[in-house]
Every structure is written in C-alpha cells, then in structure tokens.
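The letter at position 84 of the sequence shown is residue 114 when you use our numbering, and the numbering goes up by one with no holes.
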Amino acid sequence: MAVRKEYQTKIRTEILDYFRKNRSVTVSAADIRADLKEKGIEANNTTIYRYLDKLCSESMILKYPDDGGDKAVYQYAGEEHHCTEHLHLKCVECGRIFHLDCSFMDELREHLLADHGFHVQCAGDLLHGLCGECWKKEKR
C-alpha cells in the first residue's frame with residue numbers, strides 16, 4: 031500500500047510560515063487567526079485547532095500550557111523535530127524561548143536514568159524565568 035502524501039493547503043502553509051517567522055516565541059491560536067485574517071484568509075477556530083493538533087502529532091510544533099494554565103500556546107519545533115529532545119526556557123518578561131540544547135541535557139538524562147531509573151521525555155516542557163536581558167533590566 032502506498033504512503034499517502036500530506037496535502038498542503040493554503041491555511042496549513044500559512045500557519046507553518048507564521049511559526050517559522052515566530053520561532054523564538056510561543057504563539058496562541060488567536061495569534062494565528064489574527065495573522066490569517068490580516069492576510070485576508072478566513073479560518074474558523076475549529077480549522078485552526080485541527081491544523082495545530084495535526085502539526086503537534088507530526089512533531090512540527092510543541093504545545094505548552096499558557097502561563098495562566100487555561101489556554102495552550104505553541105512553539106515551532108522545525109522539520110528536524112529536535113525540540114523533543116531537550117528542554118526549553120521561557121522568559122516570563124519578554125516571552126522569548128531558548129533551547130537548552132547542550133551537553134548539560136545529556137548529563138541530566140544520564141544522571142536521571144542511572145541514579146533514579148527515570149527516562150526524561152522533554153517534549154512540551156518549559157522552564158520559566160528571566161532571560162539575561164530582562165534580568166539586567168530588572169536589576170536597574
């Protein structure tokens with residue numbers, strides 16, 4: 031049986047483009063809908079959430095609970111899907127996302143497995159705090 035090729039609709043393409051342009055921050059479904067509307071593309075919430083769910087299942091984007099916990103926000107993971115292998119840091123002041131993609135993650139994973147018998151699954155996990163720039167501004 032042949033593998034079915036993903037059908038690329040205009041809305042899906044526009045949503046992915048929006049994520050690519052905003053890869054350093056988390057975005058909401060409302061942000062995406064506003065961007066589509068600004069471009070003259072009408073899409074209802076059901077359509078947008080269907081694409082978000084599909085992109086999450088394909089590991090193209092990651093889903094996080096919003097700071098308030100009542101909504102979800104999303105982050106572009108990219109075509110290489112490497113964002114499921116490390117934690118992310120989110121600045122609570124400016125909203126930027128930083129990838130904790132360094133040797134520390136390997137050490138942490140090894141320690142947790144060897145000493146605690148625990149295998150870390152990083153997809154969808156954020157650590158919240160202040161980035162260096164916002165920390166400096168707050169100290170002034």
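Cβ coordinates follow ideal geometry from the N, Cα and C atoms, glycine included.
Enclosing beta strand (DSSP E) for residue i [first to last residue]
| i | result |
| --- | --- |
| residue 121 | 117-121 |
Simplified DSSP state of residue i, which is helix, strand or coil
| i | result |
| --- | --- |
| residue 170 | coil |
| residue 159 | strand |
| residue 102 | strand |
| residue 49 | helix |
| residue 41 | helix |
| residue 134 | helix |
| residue 84 | helix |
| residue 93 | strand |
| residue 34 | For residue 34, the pLDDT reaches just 47, beneath the cut-off of 50, and the residue's location in the model is therefore unreliable, although a value from the coordinates is still provided. If DSSP states are grouped into helix, strand and coil, residue 34 belongs with coil. |
Alpha helix (DSSP H) segment containing residue i, residue limits
| i | result |
| --- | --- |
| residue 67 | 59-68 |
Cβ-Cβ distance between residue i and residue j below 8 Å
| i | j | result |
| --- | --- | --- |
| residue 170 | residue 106 | no |
| residue 94 | residue 39 | no |
| residue 82 | residue 118 | no |
| residue 59 | residue 41 | no |
| residue 131 | residue 116 | yes |
| residue 158 | residue 103 | no |
Identified DSSP bridge partners for residue i
| i | result |
| --- | --- |
| residue 149 | Answer is none; residue 149 lacks a bridge partner. |
| residue 129 | 118 |
Do the region 40-57 and the region 69-81 make contact, defined as three or more Cβ pairs closer than 8 Å? Segment contact: the region 40-57 against the region 69-81, three or more CB-CB distances shorter than 8 Å; contact assigned.
Assess contact between the region 76-91 and the region 129-147, defined as three or more Cβ pairs (one per stretch) separated by less than 8 Å. Is contact present? no
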